[in-house]
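Right, one structure below, let's go through it.
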Amino acid sequence: MTAPAGLASALPQYTVGNKIGSGGMGVVYEGVHRSLGRHVAIKQLPADLIGDPDVNARFDREARVLASLDHPHIVPVYDYVQTGRDNLLVMEKLDGGTVYSRFHGAGLNGEQSCAITLAMLGGLHAAHAAGVLHLDVKPKNLLFTSAGVVKVADFGIAQVVSEGATMMTHAGEVLGTPAYIAPEQAMGNPLSPAADVYAAGTVLYELLCGELPYDRTRGAVSMMRQRIFNDPQPLPRVPEPLATVVMRSLARDPVHRYRDAEAFAVDLSAAATAVFGQGWLERSQVPVHLGPRVMGSITQQLHRQPDAPTMITPPVRGTVHEPTRSIDLSDLRGQRLRPASELMGPQGPSPLWPGLAGAVAVLVLVILPFLSGKTITHPDLGLGITVDGQSTKGQVQLNLSEDFPVAAPKLEGNVVFELDAAGIPLGGREIKLADIAKLGDGSFAANVDPESYQRWLVGGAVTGSVQVAGGPIQRFTVVSEQRLASVMGAGSLLLCLFGIAYLESIMRTLRRGFRKPMAPFSGALLGALTGGSVWLLISTLTAREPVATFGIACAVAGAVGAALLVLATAWSKRRT
Amino acid sequence: MGRLIAAAVALVTAALLLGASPAVAQDGDDPLVVTVTLDGQDITGRTVELDPSKSAELTITATNPGSSTQKVRLVRVSGVALALTFFAYDTTLPFEVPARGRTSRTFPLDVRDLKGQAIGLLPTSVTLLDEERNVLGGVDTVSDVKGSFWSVYGVFGLAMLVLTALTWATALVALARHRLSTNRFRRALRFLPAGIGTGLVAVVTLSVLRLVPPEVAVEIPIVLGAAGIAMVLGFLTPHPVPGAAPAAEVQVPADNTTMNLNTMFLESNTNPDTTKRWPE
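Sequence order for the protein chains is A and B.
Position 179, counted from 1, in the first sequence is what the working numbering calls 179; the numbers after and before it change by one each time, with no gaps.
Count along the second sequence from 1, then add 576; that gives the number in the working numbering.
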C-alpha cells in the first residue's frame with residue numbers, strides 16, 4: 001500500500017514508501033532520506049485527531065521532548081512535522097523485528113526475557129527522567145535493531161492521542177492495548193512512571209511464562225476490570241526471587257509498586273543473577289546498556305552468591321497472538337470514543353441507602369434500651385413480704401454475697417426465692433418449712449443463702465420472686481450492688497465486642513474483594529447477638545430491670561443494622 | 577505449640593483441682609466444733625476486718641462432741657484463694673478439749689506483716705491443728721484485709737486485670753484483622769488465655785477491689801467455665817481470609833539498595849557441573 005499524496009508533500013526531503021504497520025496510535029510508513037539515504041519509519045498520527053488544537057499542542061510539546069531523547073534503548077526521533085492535515089514523526093527504522101515476533105517465533109528463554117526487560121527499563125527510565133511517560137509498553141513496541149539491540153518505540157504517543165487516558169467505544173472496543181495497561185490508567189487516574197513499570201512487569205510476566213497475569217479469554221473490558229478489582233495470578237513455574245520481583249511490579253496500588261523503572265531494574269538484575277547464576281547476561285546474547293546502579297546490583301549479588309549454580313532455561317513461546325482485541329482509529333468512523341473510566345465506572349446499586357439505613361438501625365439499637373423504664377410494674381399481692389427488711393412494693397437492694405431474710409406475717413410452707421432477667425432464670429433457693437424461724441413480733445422469717453454463683457451472675461437490676469407454699473408468686477425488682485463486675489455486665493460487654501470484631505472480620509473480607517453471598521445473613525445473626533448484648537449491657541449499667549420485648553427489639557435492630565452495613569460494604573466494594 | 581499449651585493448661589487445671597481439696601484430715605473421732613470471735617464478735621457468716629495496723633484479739637471456743645480428749649497444739653489463721661495460700665499465721669497454743677467438753681482460749685493475733693501480703697476480701701479459715709499438723713476443726717469466713725495494693729495478692733489481682741484486658745483486646749483485634757490461625761482449634765486456644773484470665777479476674781481482682789467476695793467452692797469452676805466459654809467463642813470465629821497473612825511474611829526487595837559503582841566484568845560460568853533446571 002503506497003503512502004497518501006499528502007504525506008509525500010509534507011515530507012519533501014523523504015521518499016515515502018509503503019505502509020509497514022498500523023495500530024491504535026497511528027499508521028507507519030517506511031521512507032528514505034533523499035540526500036542521506038537513511039532509512040526511516042514515518043509515523044502518521046490518527047487522521048481523526050487532526051485539527052484538534054489540544055492534540056496539536058500536545059503533539060508539538062511531546063515531539064520536542066522525544067526528539068531530545070538520546071538513549072541506546074530508545075528509538076531515536078529524527079524529525080517531526082505538523083501540517084494542517086498531518087502530525088508526523090520521523091524515526092529510525094529498525095529491521096530486527098519486534099519482541100512480539102521473536103516471542104511468537106523461536107521463543108525467548110528466561111535470560112533473554114530478563115535482559116530484554118532490563119533494556120526496556122533502561123529506556124523507560126531515561127524517558128521518565130526527561131518527563132515522558134510511554135503508556136503503551138507492549139512487546140510490539142519493543143523493536144530489535146539488526147545488531148539485536150532492543151529499543152523502545154512509540155514514546156508519548158498515547159499521551160498525545162488521549163492524554164494517557166484509556167479510550168474505548170460503547171461497544172467495549174479499547175483504543176490501545178488493554179492487556180498491558182496499569183489499573184490507574186484504565187481508571188483514568190493521575191499517572192506516574194509506575195504505570196510504565198506495571199506495563200513492563202506485565203511484559204516480563206508474559207515473556208517468562210507465556211501467559212498474562214489475568215484471564216485473557218473474556219475480552220478487553222473484562223481484562224481491565226480484573227486488573228482494577230483482582231490481584232494478578234501468581235507467576236507460575238518461575239523460581240524465587242524472580243517471581244517476587246515480577247509480582248511486585250504488578251501491584252494494583254502504584255504505592256506498592258517499584259516507584260521508578262530503575263528500582264525495578266535494580267531488583268530484577270539481582271534476582272536474575274540469583275536465579276540464573278554468573279554470566280547470565282552474556283549467555284542471553286541480548287546487548288544491554290546498564291546504568292551504574294543496575295550493574296552494582298549484579299555485582300553485589302555475585303558477591304553474595306559466589307558459587308551460585310547456573311540455570312538452563314528452555315525457551316518460552318507466545319501462543320496466543322492477540323492477547324486482546326484492540327481497534328484502529330481508522331476503523332472508528334462515526335463511533336464516539338469515551339474514556340474507559342466513564343464506561344467502567346461505578347456499577348450496581350448504590351451503597352448509600354443500605355449504609356444510611358444500617359446506621360439508623362444502629363442508632364435505634366443504642367437508644368432503645370434507654371427508653372425502657374427503670375422498673376417493671378409488679379402487682380402487689382398483699383402478702384406483706386419483706387426481703388432483707390425492705391418491702392417488695394419498691395426496689396429491693398440486695399447483696400447476694402451475704403445471707404438475707406425473707407419475712408412475712410404468714411409463712412406456712414416452703415419458701416421459694418428466685419431471680420430472673422427478662423424471663424431468663426438466674427438461680428434461686430427453696431427454704432424448707434422446718435428452717436423458717438418465728439420472730440418475736442409473731443411473723444416468720446426464712447434465711448436465704450444465695451447460690452454461690454449468683455453474686456457473679458447478677459448485675460444491675462433483675463426481677464425477684466417469692467412463692468410461699470406453692471401459692472401466688474410475688475414479683476419485685478431486685479437491685480444488685482454490682483454493675484460491670486458481673487456476668488450480666490462484663491459478659492455482655494465481651495459478647496458485644498466479640499460480635500463487633502466478628503462483623504468487622506466479615507466486612508474486611510468483603511473489602512478485600514471476596515464475594516460472600518451469605519455475608520448479610522451471617523451479619524444478621526451476629527448483629528442480633530450484638531444487639532442483645534448492647535441491650536443487656538446498657539440495662540445492667542443503668543440498673544434497668546430487663547424487659548424481654550426491648551431485648552428482642554434490640555436484637556432485631558442489631559440484626560437489621562448489621563445486615564445492611566454488610567450489604568453496603570459489599571456494594572461499595574463492587575463500585576470502587 | 578498448640579499441644580504444649582493444651583498440656584500446660586491441663587497440668588494447671590489438675591494442680592488447681594487437686595490443691596482445692598478440703599484441708600480437713602480427721603481420723604476417727606468427730607471434729608471439734610469451733611466458734612471463733614474476733615475482738616468479741618463471732619466471725620462466722622460475716623466479713624471480718626483485719627487491720628495490719630492493729631493487733632486483734634482472737635477467742636477460740638472448741639467443743640468436743642467425741643468420746644476422747646483432743647489435744648490442740650496450733651491455731652492457724654490462713655487466707656486462701658484459688659487453692660493458693662496468700663497468708664498464714666501459726667500460733668502455738670497448747671490446750672486440751674476433754675470428751676464432750678468445751679474449752680475457750682483467748683490470744684492476741686499479730687497481723688502486722690499482713691499489709692504486704694494481702695488486700696481486699698479473702699476467704700479466711702481459722703483451724704485447730706494437733707501435734708502432727710492434723711486438722712482437728714475450724715471455721716471459714718471472709719476477711720476484709722486492709723492491706724496494701726502493692727501486696728502480693730493486690731499485685732496479682734491488678735496484673736490479672738491488665739493482662740486479661742490486653743489478652744481480650746489482642747484476640748478480638750486479631751479476629752477483626754484476620755490475624756487468627758487458619759486452624760479452628762488453634763483459634764480456640766488463642767481465646768483460652770483470655771477466658772482463664774476472665775475467671776481469675778472474677779475471683780481475684782474483684783476480691784482485691786472489694787467488689788465481690790470470693791467463694792471457695794466455685795472459684796475453680798468459674799475459672800474453668802470462663803475458659804470453656806472463651807474457647808467456644810474462639811472455636812466459632814471465622815476462617816481468616818486467604819492472603820491476609822501479615823505483610824512481614826512477604827519478602828519485598830528493597831528499592832534503594834546501596835550500589836557499588838566500581839566497573840564490573842561479567843564472567844561466564846566456569847563450573848558447568850553445578851547447573852540446575854528451570855522448573856517445567
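We put the beta carbon where it would ideally sit given N, CA and C, even for glycine.
Going by other Cβ atoms of all chains shown within 10 Å of its Cβ, with 16 needed for buried, is Lys151 (chain A) buried or exposed? Position 151 of the first sequence holds residue 151 (chain A). Buried, by the Cβ-count rule.
Cutoff 8 angstroms: Arg753 (chain B) Cβ touching any chain A Cβ: The sequence position of residue 753 (chain B) within the second sequence is 177, counting from 1. Yes, because at least one Cβ of chain A sits closer than 8 angstroms to the Cβ of Arg753 (chain B).
Could I get the ranges of all uninterrupted beta strand (DSSP E) runs contained in the stretch 620-705 of chain B, with 3 residues as the minimum, in chain order? As far as the stretch 620-705 of chain B is concerned, its whole beta strand (DSSP E) runs of at least 3 residues are 623-626, 632-639, 646-657, 660-673, 678-685 and 696-705.
Of all Cβ atoms in chain A, is any one closer than 8 angstroms to the Cβ of Ala793 (chain B)? The count along the second sequence starts at 1 and reaches residue 793 (chain B) at position 217. Judged by the 8 angstroms Cβ criterion, Ala793 (chain B) is in contact with chain A.
Opposing strand residues paired with Thr613 (chain B) [DSSP bridges]: Within the second sequence, the letter at position 37 stands for residue 613 (chain B). DSSP, once it has assigned bridges, lists B:Asp618 and B:Thr635 as partnering Thr613 (chain B).
Would you call the stretch 190-204 of chain A in contact with the stretch 128-139 of chain A, where contact means no fewer than 3 C-beta pairs closer than 8 angstroms? yes
Among A:Glu402, A:Ser401 and A:Gly384, which one has its Cα closest to the Cα of Gly394 (chain A)? Residue mapping note: residue 394 (chain A) aligns to position 394 of the first sequence, counting from 1. That would be A:Gly384, whose Cα lies nearest to the Cα of Gly394 (chain A).
Strictly below 9 angstroms CB to CB, what residues from chain A border Thr813 (chain B)? Residue 813 (chain B) sits at position 237 when you count from the first residue of the second sequence. Simply Phe498, Ala501, Tyr502 and Ser505.
Which residue wins for smallest C-alpha separation from Phe498 (chain A), given the options B:Arg760, B:Gly801 and B:Thr746? The count along the first sequence starts at 1 and reaches residue 498 (chain A) at position 498. Nearest of B:Arg760, B:Gly801 and B:Thr746 to Phe498 (chain A), Cα basis: B:Thr746.
Buried or exposed, going by whether 16 or more other CB atoms sit within 10 Å of the CB of Lys630 (chain B)? Taking the second sequence and counting its residues from 1, one reaches residue 630 (chain B) at position 54. Exposed, by the Cβ-count rule.
Do you know whose CA, among A:Gly440, A:Leu439 and A:Phe417, lies nearest Ile431 (chain A)'s CA? Numbered from 1 along the first sequence, position 431 holds the residue referred to as residue 431 (chain A). Comparing C-alpha distances from Ile431 (chain A) to each of A:Gly440, A:Leu439 and A:Phe417 shows the shortest one belongs to A:Phe417.
Assuming His39 (chain A) is part of the beta strand (DSSP E), what are its boundary residues? Position 39 of the first sequence, counting from 1, holds the residue named residue 39 (chain A). Start and end: His39 to Gln44.
At least three beta-carbon pairs within less than 8 angstroms, the stretch 529-545 of chain A to the stretch 374-383 of chain A: Yes, the stretch 529-545 of chain A is in contact with the stretch 374-383 of chain A.
Scan the stretch 766-800 of chain B for residues whose Cβ lies nearer than 7 angstroms to a Cβ of chain A and list them as they occur along the chain. Ala778, Leu782, Leu787, Val788, Pro789, Glu791, Ala793, Val794 and Ile798
Just the Cα atoms here: how many angstroms apart are Leu748 (chain B) and Gly210 (chain A)? Counting from 1 along the second sequence, the entry for residue 748 (chain B) is found at position 172. Counting from 1 along the first sequence, the entry for residue 210 (chain A) is found at position 210. Those two C-alpha atoms are separated by around 44 angstroms.
Following the continuous beta strand (DSSP E) through Gln467 (chain A), name the residue where it begins and the one where it ends. Counting from one through the first sequence, the residue named residue 467 (chain A) turns up at place 467. Segment Ala461 to Val468, the beta strand (DSSP E) holding Gln467 (chain A).
Take Pro306 (chain A) as the anchor and find which of A:Ser522, A:Tyr180 and A:Gln278 has the nearest alpha-carbon. In the first sequence, counting from the first residue as 1, residue 306 (chain A) sits at position 306. The option with the nearest alpha carbon to Pro306 (chain A) is A:Gln278.
What are the boundary residues of the alpha helix (DSSP H) that includes Ser522 (chain A)? By one-based count along the first sequence, residue 522 (chain A) stands at place 522. From DSSP, the alpha helix (DSSP H) with Ser522 (chain A) extends over Ala519 to Leu541.
Measure how close the beta-carbons of Pro369 (chain A) and Ser539 (chain A) come, nearest whole angstrom, since I'm counting them as under 8 angstroms. As a working note, residue 369 (chain A) is residue 369 in the first sequence. As a working note, residue 539 (chain A) is residue 539 in the first sequence. The pair is a contact, with the Cβ atoms about 6 angstroms apart (cut-off 8 angstroms).
Compare the C-beta of Leu734 (chain B) against all C-beta atoms of chain A and say whether one is closer than 8 angstroms. Position 158 of the second sequence, counted from the first residue, corresponds to residue 734 (chain B). Not closer than 8 angstroms to any Cβ of chain A, the Cβ of Leu734 (chain B) fails to qualify, so no.
Could you tell me the boundaries of the beta strand (DSSP E) in which Gln185 (chain A) lies? In the first sequence, the residue the question calls residue 185 (chain A) occupies position 185. Careful: Gln185 (chain A) lies outside any beta strand (DSSP E), inside the alpha helix (DSSP H) at Pro183 to Ala186.
By a C-beta neighbour count over all protein chains shown, 10 Å radius and 16 as the cutoff for buried, is Lys438 (chain A) buried or exposed? As a first step, residue 438 (chain A) is located in the first sequence; it is residue number 438 there, counting from the start. Under this definition Lys438 (chain A) is an exposed residue.
Determine the closest residue to Asn141 (chain A) out of A:Arg455, A:Asp54, A:Ala147 and A:Lys93, with distance taken between C-alpha atoms. Taking the first residue of the first sequence as position 1, residue 141 (chain A) is located at position 141. It is A:Lys93.
May I ask you to list, following chain order, the residues of the stretch 439-470 of chain A that have a beta carbon less than 8 angstroms from some beta carbon of chain B? When CB distances to chain B are screened at a threshold of 8 angstroms, the residues of the stretch 439-470 of chain A falling below it are Ser452, Tyr453, Arg455 and Trp456, in chain order.
So, using beta-carbon positions, are Ala67 (chain A) and Val55 (chain A) closer together than 8 angstroms? For the purposes of this step, residue 67 (chain A) is taken as residue 67 along the first sequence, with counting starting at 1. For the purposes of this step, residue 55 (chain A) is taken as residue 55 along the first sequence, with counting starting at 1. Not closer than 8 angstroms, so no.
Min CB distance Arg508 (chain A) to chain B below 8 angstroms: Residue 508 (chain A) sits at position 508 when you count from the first residue of the first sequence. By this cut-off, Arg508 (chain A) is an interface position.
Nearest CA to the CA of His815 (chain B): which residue from B:Gln693, B:Met736 and B:Arg760? Working through the second sequence from its first residue, we reach residue 815 (chain B) at position 239. Here the closest residue by C-alpha is B:Arg760.
Taking the straight line between their C-alpha atoms, what separation do you get for Lys647 (chain B) and Glu672 (chain B)? Residue numbering aside, residue 647 (chain B) sits at position 71 when the second sequence is read from its first letter. Residue numbering aside, residue 672 (chain B) sits at position 96 when the second sequence is read from its first letter. Answer to the nearest angstrom: the Cα atoms are 5 angstroms apart.
What residues of chain A sit near Gly804 (chain B), judged by a beta carbon separation below 7 angstroms? Translated into positions along the second sequence, residue 804 (chain B) becomes position 228. What Gly804 (chain B) touches in chain A: nothing, since even the nearest Cβ is about 13 angstroms away.
Name the two residues that bound the continuous beta strand (DSSP E) containing Ser719 (chain B). In the second sequence, counting from the first residue as 1, residue 719 (chain B) sits at position 143. Residues Val711 to Val721.
Cβ neighbours of Val266 (chain A) in the same chain (closer than 7 angstroms, five flanking residues each side left out): Against the first sequence, residue 266 (chain A) aligns to sequence position 266. Within the same chain, Val266 (chain A) has close Cβ partners Arg293, Val294 and Ser297.
Contacts around Leu495 (chain A), its chain only, beta-carbon distance under 7 angstroms, and the 5 residues preceding and following it disregarded: Start at 1 with the first residue of the first sequence, and residue 495 (chain A) comes out as number 495. For Leu495 (chain A), where only same-chain residues beyond five positions count, the Cβ hits under 7 angstroms are Leu529 and Ser533.
So with Cβ pairs under 8 angstroms, would you call Leu742 (chain B) a contact of chain A? Along the second sequence, one-based indexing puts residue 742 (chain B) at 166. By this cut-off, Leu742 (chain B) is not an interface position.
In the DSSP assignment, find the unbroken alpha helix (DSSP H) run with Ser372 (chain A) in it and report its ends. Sequence index remark: in the first sequence, residue 372 (chain A) carries index 372 (1-based). Looking at the DSSP string, Ser372 (chain A) is not in any alpha helix (DSSP H), and its letter there is neither H nor E.
Same chain only: Cβ atoms within 7 angstroms of Ala524 (chain A), ignoring 5 sequence neighbours per side: Residue numbering aside, residue 524 (chain A) sits at position 524 when the first sequence is read from its first letter. For Ala524 (chain A), where only same-chain residues beyond five positions count, the Cβ hits under 7 angstroms are Ala559, Ala562 and Ala563.
Ordered list of alpha helix (DSSP H) runs contained in the stretch 427-466 of chain A, each at least 4 residues: 454-457
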